[in-house]
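What the sequence shown shows, in UniProt numbering, is residues 1 to 201, in sequence order.
Where is the CB? At the ideal position from N, CA and C, for every residue including glycine.
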Amino acid sequence: KRHLLLLLRAVSACHERWILHRDLKPDNLLYMKDGTMKLADFGLARMYGTPKVRLSPEAITLWYKPPELLLGATEYSAAADMWSIGAIFAEMLLRRAFLQGHSSDISQLDTIFTVFGTPTDTNWPDYQTLPLPAQGLTWNDCPPIPFDEIFLAAPRDAISLLRSMLVLDPNKRWSATQCLSHPYFTNDPLPTPKELLKLDS
Numbered sequence: 001k002r003h004l005l006l007l008l009r010a011v012s013a014c015h016e017r018w019i020l021h022r023d024l025k026p027d028n029l030l031y032m033k034d035g036t037m038k039l040a041d042f043g044l045a046r047m048y049g050t051p052k053v054r055l056s057p058e059a060i061t062l063w064y065k066p067p068e069l070l071l072g073a074t075e076y077s078a079a080a081d082m083w084s085i086g087a088i089f090a091e092m093l094l095r096r097a098f099l100q101g102h103s104s105d106i107s108q109l110d111t112i113f114t115v116f117g118t119p120t121d122t123n124w125p126d127y128q129t130l131p132l133p134a135q136g137l138t139w140n141d142c143p144p145i146p147f148d149e150i151f152l153a154a155p156r157d158a159i160s161l162l163r164s165m166l167v168l169d170p171n172k173r174w175s176a177t178q179c180l181s182h183p184y185f186t187n188d189p190l191p192t193p194k195e196l197l198k199l200d201s
């Protein structure tokens, strides 16, 4: 819990300053000896906001890349980082990478849609306006797999928080600030105190 809490606080601070990290993954989270965490590798970070800025979809490591970027979006928001955080949280719960596509964006989309179901006008009203669907790319209908059947050992509040981040429609994803107010962080067991995360030299 503490690790996720630190990550959300760091990303919330970035987003409050209109900065997208665009490469959130475990390798870029540095846990320090004093129990703190630092975000690393801002090489792909960009400013965003109003007016909207066109951004490359060629960002974010494949397994942590949100579906809107995989479908070619060039206008996106902090919700892109939130999908990555959700994938990291899922990895913490499973103790392995969650959405392990192969070497291409299409393979990663197949992996995502197998778990979350195929996009529809109901669960993602704007998806057909993105470049790949607009070019006629389609997928076979696939129902979503309930998270309870995937995260068998996870408590309900953890699954609830995960569902708020891993949503196909970026407009429905919670912000980092919203996630910080989720009961997961105030329910027992509470996040481990920072002092207990200190590492010996």
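Tell me, to the nearest whole angstrom, how far the beta carbon of residue i is from that of residue j; I am working on the premise that it is less than 8 Å.
i: Ala40; j: Leu30; result: 5 Å
i: Arg2; j: Leu197; result: 6 Å
i: residue 214; j: Ala176; result: This structure gives no information on residue 214, because the portion of the chain shown stretches from 1 to 201.
i: Lys25; j: Ile88; result: 7 Å
i: Thr74; j: Arg95; result: With 8 Å as the limit, Thr74 and Arg95 do not qualify as a contact, their Cβ atoms being about 35 Å apart.
When you compare only the Cα positions, how much space is there between residue i and residue j?
i: Asp126; j: Gly117; result: 16 Å
i: Pro183; j: Pro57; result: 33 Å
i: Leu166; j: Arg173; result: 7 Å
i: Ser77; j: Leu20; result: 8 Å
i: Asp121; j: Asp169; result: 10 Å
i: Pro193; j: Gln100; result: 32 Å
Would DSSP call residue i helix, strand or coil?
i: residue 223; result: Residue 223 lies beyond the stretch modelled for the chain, which goes from 1 to 201, so this question has no answer here.
i: Leu29; result: strand
i: Arg17; result: coil
i: Lys198; result: coil
i: Lys38; result: strand
i: Arg156; result: helix
i: Arg46; result: strand
i: Val11; result: helix
i: Thr177; result: helix
i: Arg54; result: coil
i: His182; result: coil
Take residue i as the anchor and find which of the options has the nearest alpha-carbon.
i: Ser160; options: Trp139, Thr129, Leu93, Phe113; result: Leu93
i: Tyr48; options: Leu70, Asp81, Met32, Thr61; result: Asp81
i: Cys142; options: Lys52, Gly43, Ile112; result: Ile112
i: Leu71; options: Leu4, Pro131, Arg163, Ala97; result: Pro131
i: Thr36; options: Gly43, Leu7, Thr138, Lys52; result: Leu7
i: Asn187; options: Glu75, Arg156, Asp23, Thr138; result: Arg156
Does any residue of chain D have a CB that is nearer than 8 Å to the CB of residue i?
i: Asp121; result: Among the chains of the structure shown, chain D does not appear; only one protein chain is present.
Practice task
Mind listing, in chain order, the continuous alpha helix (DSSP H) runs of no fewer than 4 residues lying wholly within the segment 85-143?
Solution key: 105-116, 131-134
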